[in-house]
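Let me begin by presenting the structure, written as structure tokens, before commenting on it.
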Amino acid sequence: MNYWLIKSEPFKYSWSTFVKDQITFWDGVRNYQARNNLREMRVGEMCLFYHSNEDKQVVGIAEIVKEFYQDPTTEDPNWVVVDVKPVNTLLKPVTLNQIKSDPRLNNIGMIKQPRLSVIKITQLEFNTILELSNEN
DNA sequence: GCCAACGTTGGC
DNA sequence: GCCAACGTTGGC
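Read in my numbering, the first sequence has 14 at position 13, and its numbers run on one by one without any break.
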């Protein structure tokens with residue numbers, strides 16, 4: 002079982018839009034590493050949903066409901082999407098600062114590779130972020 | 001196959 | 001709005 006962190010710019014596709022939609026395909030990935038991560042995602046695996054740019058915080062939890070298939074927004078067979086649905090809105094969002102300042106999250110992929118939009122994280126990192134969300 | 005140039009992303 | 005980091009492209 003893998004855990005993931007997916008990033009979106011809130012003005013492009015925000016958590017609240019996602020909650021309204023209930024289900025969406027995660028498109029627009031044009032990076033091979035991120036694409037490879039999409040291909041590894043399995044139904045039932047959990048993702049943290051992170052708002053980049055203005056927000057810079059983890060705002061919710063999503064679940065993979067359909068494994069990768071051809072990106073419907075392009076003919077190029079290199080690119081795939083997965084279907085995700087929202088599971089939970091975090092009581093308190095977890096900010097990038099909190100993530101950076103927690104020693105357990107020193108090695109989280111999103112800090113080492115800030116530009117990657119689909120990142121594999123460990124169960125510990127996943128749980129730690131949920132814990133941070135409850136603590137404040 | 002290397003590397004410079006360029007584009008994109010995201011934090012500040 | 002700037003800039004650093006990084007990925008991609010294209011010329012050699």
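All C-beta atoms in this analysis are idealised placements derived from N, C-alpha and C, irrespective of residue type, glycine included. Just so it is clear, the structure is predicted and the values come from calculations on it, not from any experiment.
Backbone CA spacing between residue 93 and residue 51 [nearest angstrom]: Taking the first residue of the first sequence as 1, we reach residue 93 at position 92. Taking the first residue of the first sequence as 1, we reach residue 51 at position 50. Cα to Cα, the separation comes out at about 13 Å.
With a 10 Å radius around its C-beta and 16 neighbouring C-beta atoms as the bar for buried, classify residue 81 as buried or exposed. Residue 81 sits at position 80 when you count from the first residue of the first sequence. Result: buried.
Burial state of residue 112 (16 or more Cβ within 10 Å): Looking up residue 112 in the first sequence gives position 111. It counts as exposed.
Could you work out which residue in 90, 19 and 28 is closest to residue 135 when comparing CA atoms only? Locating residue 135 in the first sequence gives position 134, where the first residue counts as 1. Checking every option, the nearest Cα to that of residue 135 belongs to 90.
Would residue 129 and residue 105 qualify as a contact pair, given that the criterion is a beta-carbon distance under 8 Å? The residue given as residue 129 occupies position 128 in the first sequence. The residue given as residue 105 occupies position 104 in the first sequence. Contact: yes.
What is the C-beta distance between residue 62 and residue 88, in whole angstroms, given that I count them as a contact (C-beta under 8 Å)? Here residue 62 refers to the residue found at position 61 of the first sequence. Here residue 88 refers to the residue found at position 87 of the first sequence. Their Cβ separation, rounded to whole angstroms, is 5 Å, which keeps residue 62 and residue 88 in contact under 8 Å.
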